[in-house]
Amino acid sequence: MLIKMQDITKAMQEKARELLQNKEVELVIGFSKGSLPLRYTPCFIRQPEEAEKLAWGYGCENNLAVYLRKRPEKMAVIAKGCDSRSIVELIKENQVKRENLVIIGVPCRGMIDRQKLSRLLAGKELREAEIKDGLVAVQGKDISASFPLDQLLYDSCLTCQHPNPVLYDYLLGEQVPARGSDTFADVAGFESRPPAERRSYLMKELSRCIRCYACRQACPMCFCEECFADCSMPQWVSKSSLDVQANLFFQAVRVLHLAGRCVDCGACDRACPMGIDLRTLTRKMVRDIQELFGYTAGISLDEKPPLAAPIKTAAGHV
Amino acid sequence: MLLLKKEQLLAWLNKLTQAYQVFAPVNEEGCVSFKQIEAGDQCTLDYTNSKVPPKEVLFPRSEYLFCYRCEKEHVELKEQIDEHKKVIFGLRPCDARSFLLLDNVFRNERFQDPYYLTRRKNTVLVGLGCNQPPATCFCTSLGSGPFATEGLDLLLVDIGDRYVLEVLTERGQELLSGMELPAADQEAREAAQKVKEGAAVSSRVTLEGLKSKLDVSFDHPLWDLIHEKCLGCAACTYTCPTCHCFDIVDEAQGNEGCRVRSWDACMFPLFTLHGSGHNPRPTNKERFRQRVMHKFKYFVDNFNATACVGCGRCILNCPVNLDIREVIAEIQGTEVRSNKQ
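Read top to bottom, the protein sequences are chains A and B. So for the first sequence, our numbering puts the first residue at 1; every next one is plus one. So for the second sequence, our numbering puts the first residue at 1001; every next one is plus one.
Written out as structure tokens, the structure is:
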């Protein structure tokens, strides 16, 4: 039984070593321990003896599917539920060759939201953290506290319906039960607010945008050769951040472009250095696609993407 | 050295806002940045460091350079030079140092940038020493420190219920006119000394020998892999107090418009894309190398200084935890090999 993170780490290292030794792959993309407390960082392993760098924990928050495009070599990737769903969509969009990819699936118990923790610590600096028996014990200069793990997980993890990889060649650890159904109550709540209020909320959030495009770069599905935001002829959106409306326009178009492709992994939201709430937009679009097309992104390789297939309605095909 | 009671701070800030545009750390949804305040109570001094550095006060994310209107026979131009007197209040010593580095870029033999320099000339810097430097700070490796006074006009040292105020320039003195603050007594001086001694910067990088390694490392194979996890966003550059690259575009409608300068980043492909379609930095490898080289080699070549103040923002804000301290250590660990090899 593989439940402990250390056991998964060990199994991961063994599998990576084996794949590299047997020359089944040239590269393994996974996580290693990061340089900050609770943080893990993407790592690229090419030699069997480097496999020991691989690690697994509650800080493996990045969606590694972002690294898979345009790589000629055979490779393996560590995939949580959300990473695997992005991989499914990338395969469907001919961005990744299934036969070149070995997917090492890892059932995911959710990842820790460092911003939530930072808010709980009221800006005080986290120096050390240990996770044991569902509790996160944190230490800092003037802090010593303990929080239930569930209180610290990303919102996207708390509503996640697919913690287990949907597509894999190897599975490390035991399947994790999905949390209770996702009712999109947050989306309904947002929609129930008057338009002016919704707009002013989004404008306030986007007023912090510095146009670093971390959201776009962290998203596995944002892979346009030329993003519309970078296009100068014609110039679709202002390059300056003088006008908050332009920030909102950029984000709104980005989100719409992800219709039926976004797996709600939360990578954009996590990447934002300014802590802008991006999931209010992406979730609305994910819910709309489910309602309009009955489609959930990244579940099956066979199901056609909604905008490439005839529209199914209650009355039949349109 | 003078003494300022904490309860006097609000009145002082309120007074300053009468005569100056005061930019101070403001906490919005847990995100601290330097904003213009109307009253002292909008400011928070209980913070580690701001998310975006105060460079944005002197070198905004986007600014109008001039606006124009084309008529049949002539063009009407209106320059947009910001001449307001400003105070940046409560900035950290590392960020004060960043202004000294930026000065090299905006005021040198070849270029004099009136937009930055006018603001710079009219801005007084009131620093706040760091009693508890975070673990990501490595300022002492770059010639600064948690209580360094370089570049500042005033420095506040928090000793609990009071501040010891170090007056460093005449401009700093001017901010205190009419305040009649008492001189710091022996006890307060000792308390300030104790605070300074207790503020340990634990993280270090080794700069010695780095430049000479980079001098011959342009083609080193280390660049092939070191950037690999970098996503190519600008979270590091836009939150860096010394990054200063910009782009200039016209935002026009009909026959009128404005020329706008905005931050730009060497991590973007568009940064070096030629009109012909050719890009001399075609992949993330070249772009990441550029960022490292600019900070630790080219800036040293040009201005004899390293373009980093050790504030740790790039470490805290990188979406994939690509840590510049580890990058430096990795470069330091490589064998020197010449470009010709």
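Glycine residues also receive a C-beta, built at the ideal position from the N, C-alpha and C atoms.
Quiz item: For residue 298 of chain A, is the classification buried or exposed, using 16 other Cβ atoms within 10 angstroms of its Cβ as the cut-off for buried?
Solution: Label assigned to residue 298 of chain A: buried.
Self-check item: Beta-carbon gap between residue 1032 of chain B and residue 1055 of chain B smaller than 8 Å
Solution: Taking 8 Å as the Cβ cut-off, residue 1032 of chain B and residue 1055 of chain B do not qualify as a contacting pair.
Quiz item: If you draw a straight line from the alpha carbon of residue 11 of chain A to that of residue 87 of chain A, how long is it in whole angstroms?
Solution: Roughly 22 Å separates the two Cα atoms.
Self-check item: Closest residue to residue 76 of chain A among A:23, A:93 and A:174 (Cα-Cα distance)
Solution: Its Cα nearest to that of residue 76 of chain A, the residue A:23 stands out among A:23, A:93 and A:174.
Quiz item: Can you name, in chain order, every residue of its own chain whose Cβ lies under 8 Å from the Cβ of residue 1122 of chain B, other than the five neighbours on each side?
Solution: 1083, 1084, 1085 and 1086, listed in sequence order.
Quiz item: Sorted by chain position, which residues of the same chain lie with C-beta nearer than 8 Å to residue 1077 of chain B's C-beta, five sequence neighbours on each side aside?
Solution: Here the set comprises 1066, 1067 and 1068.
Quiz item: Is residue 1297 of chain B closer than 8 Å to residue 1196 of chain B when the C-beta atoms are compared?
Solution: Taking 8 Å as the Cβ cut-off, residue 1196 of chain B and residue 1297 of chain B do not qualify as a contacting pair.
Quiz item: Can you name the start and end residues of the beta strand (DSSP E) that residue 1234 of chain B belongs to?
Solution: No beta strand (DSSP E) holds residue 1234 of chain B; DSSP gives it neither H nor E.
Self-check item: For residue 43 of chain A, three-class secondary structure by DSSP
Solution: Collapsing the DSSP output to three states places residue 43 of chain A in a strand.
Quiz item: Roughly how many angstroms lie between the CA atoms of residue 69 of chain A and residue 304 of chain A, to the nearest whole one?
Solution: Going from the Cα of residue 69 of chain A to the Cα of residue 304 of chain A covers about 21 Å.
Practice problem: Return the residues of the stretch 26–49 of chain A that lie within a Cβ-Cβ distance of less than 8 Å from chain B, sorted by chain order. | Solution: Listed by position along the chain: 34, 35, 36, 39, 40, 41, 42, 43 and 44.
Quiz item: Got a sec, what are the start and stop residues for the alpha helix (DSSP H) residue 1027 of chain B sits in?
Solution: DSSP places residue 1027 of chain B in no alpha helix (DSSP H) but in the uninterrupted beta strand (DSSP E) bounded by 1021–1028.
Quiz item: So is residue 1075 of chain B buried or exposed if we call it buried at 16+ other beta carbons inside 10 Å?
Solution: Exposed: under 16 other Cβ atoms inside 10 Å.
Self-check item: Residues that residue 1250 of chain B bridges to, as DSSP identifies them
Solution: Answer is B:1259, bridged to residue 1250 of chain B.
Quiz item: Is the beta carbon of residue 1293 of chain B sitting closer than 8 Å to the one on residue 1214 of chain B?
Solution: Taking a C-beta distance under 8 Å as the contact criterion, residue 1293 of chain B and residue 1214 of chain B qualify as a contact pair.
Quiz item: Quick one: what's residue 132 of chain A bridged to in DSSP?
Solution: DSSP lists A:135 as partners of residue 132 of chain A.
Self-check item: Residue interval of the alpha helix (DSSP H) (run including residue 249 of chain A)
Solution: Bounds of the alpha helix (DSSP H) holding residue 249 of chain A are 244–257.
Quiz prompt | Cross-strand partners of residue 1164 of chain B (DSSP beta bridge) | solution = Per DSSP, B:1003 and B:1157.
Quiz item: Can residue 1139 of chain B and residue 1310 of chain B be called in contact, C-beta distance under 8 Å?
Solution: Their beta carbons are under 8 Å apart, which means residue 1139 of chain B touches residue 1310 of chain B by this criterion.
Quiz item: Hey, out of A:8, A:129, A:5 and A:285, whose CA is closest to residue 190 of chain A's CA?
Solution: Among A:8, A:129, A:5 and A:285, the Cα nearest to that of residue 190 of chain A is on A:285.
Quiz item: In the stretch 1223–1235 of chain B, which residues sit with their C-beta less than 8 Å from some C-beta in chain A, listed in chain order?
Solution: Within the stretch 1223–1235 of chain B, the qualifying residues are 1225, 1228, 1229, 1231, 1232, 1233, 1234 and 1235.
Quiz item: Which residues, taken in chain order from the stretch 205–219 of chain A, show a beta carbon closer than 7 Å to some beta carbon of chain B?
Solution: Within the stretch 205–219 of chain A, the qualifying residues are 208, 210, 212, 213, 214, 217 and 218.
Exercise. Just the C-alpha distance for residue 1184 of chain B and residue 1159 of chain B, rounded to the nearest angstrom, thanks.
Key: Just so you know, the alpha carbons of residue 1184 of chain B and residue 1159 of chain B end up roughly 11 Å apart.
Practice problem: Mind listing, in chain order, the continuous alpha helix (DSSP H) runs of no fewer than 4 residues lying wholly within the stretch 20–94 of chain A? | Solution: If we require 4 residues or more, the alpha helix (DSSP H) runs fully inside the stretch 20–94 of chain A come out as 81–92.
Self-check item: With 16 other Cβ atoms within 10 Å as the buried cut-off, status of residue 1127 of chain B
Solution: By the 16-neighbour rule on beta-carbons within 10 angstroms, residue 1127 of chain B is buried.
Quiz item: Alpha carbon to alpha carbon, what distance is there between residue 1096 of chain B and residue 1253 of chain B?
Solution: Looking at the two C-alpha atoms, the distance is approximately 39 Å.
Quiz item: Considering only the beta carbon of each residue, do residue 135 of chain A and residue 126 of chain A sit closer than 8 Å?
Solution: Residue 126 of chain A sits away from residue 135 of chain A, with the two beta carbons spaced by 8 Å or more.
Practice problem: Per DSSP, which residues does residue 126 of chain A bridge with? Please list them. | Solution: According to DSSP, residue 126 of chain A bridges with A:140.
Practice problem: Mind reading off the beta-carbon distance from residue 104 of chain A to residue 170 of chain A? Whole number of angstroms is fine, and I expect it under 8 Å. | Solution: Beta-carbon to beta-carbon, residue 104 of chain A and residue 170 of chain A are separated by about 5 Å, close enough to satisfy the 8 Å threshold.
Quiz prompt | DSSP-derived helix/strand/coil call for residue 13 of chain A | solution = The three-state secondary structure of residue 13 of chain A, taken from DSSP, is helix.
Practice problem: Mind reading off the beta-carbon distance from residue 1317 of chain B to residue 1265 of chain B? Whole number of angstroms is fine, and I expect it under 8 Å. | Solution: 13 Å between Cβ atoms; not a contact.
Quiz item: Given a threshold of 16 other Cβ atoms within 10 Å of its Cβ, counted over all protein chains shown, does residue 306 of chain A qualify as buried or as exposed?
Solution: The residue in question, residue 306 of chain A, is buried, as its Cβ has 16 or more Cβ neighbours within 10 Å.
Quiz item: On the three-pair Cβ rule with 8 Å, is the stretch 1133–1153 of chain B touching the stretch 144–159 of chain A?
Solution: Note that the stretch 1133–1153 of chain B does not touch the stretch 144–159 of chain A; fewer than 3 beta-carbon pairs, one per stretch, sit closer than 8 Å.
Quiz item: Using the C-alpha atoms, what's the distance from residue 57 of chain A back to residue 1154 of chain B?
Solution: Cα-Cα distance, rounded: 45 Å.
Self-check item: Candidates A:184, A:110 and A:149, of which the one nearest residue 165 of chain A by Cα
Solution: Among A:184, A:110 and A:149, the Cα nearest to that of residue 165 of chain A is on A:110.
Exercise. Give the secondary structure of residue 1055 of chain B by DSSP, where H, G and I count as helix, E and B as strand, and everything else as coil.
Key: Look at residue 1055 of chain B here: in three-state DSSP terms it is helix.
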